[in-house]
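A short worksheet on the structure shown next.
Numbering (our numbering), first residue to last: 92 to 165.
Below is the structure:
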């Protein structure tokens with residue numbers, strides 16, 4: 092029996108992001124194929140992947156005290 096799953100290509104030029112995606116895959120099981128910098132993930136999980144990745148990145152920003160917005164004082 093053949094099973095077809097639609098995939099989305101993600102090119103990971105940043106090794107940190109790639110490692111985070113591999114970490115997320117352990118609980119979400121979304122990677123279909125992995126080859127170096129390229130990942131093929133289940134298309135129906137792309138939005139969930141984005142949300143989880145943003146959540147982790149935001150947690151890290153808060154933990155390190157880095158903010159994405161800058162303010163200027165006159």
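Virtual Cβ for every residue (Gly too), placed ideally from N, Cα, C.
In this text, all values refer to a predicted model and were calculated from it rather than measured experimentally.
{"Check": "Buried/exposed call for residue 121, threshold 16 Cβ in 10 Å", "Outcome": "buried"}
{"Check": "CA-to-CA distance, residue 92 to residue 116, given in whole angstroms", "Outcome": "25 Å"}
{"Check": "Element boundaries [alpha helix (DSSP H), containing residue 128]", "Outcome": "Segment: none, residue 128 is in no alpha helix (DSSP H) and carries neither H nor E."}
{"Check": "Residue 140 and residue 96 closer than 8 Å at C-beta", "Outcome": "no"}
{"Check": "Proximity of residue 147 and residue 111 at Cβ, strictly below 8 Å", "Outcome": "yes"}
{"Check": "For residue 156, the first and last residue of its enclosing beta strand (DSSP E)", "Outcome": "Element bounds for residue 156: n/a, residue is neither H nor E."}
{"Check": "With 16 other Cβ atoms within 10 Å as the buried cut-off, status of residue 130", "Outcome": "buried"}
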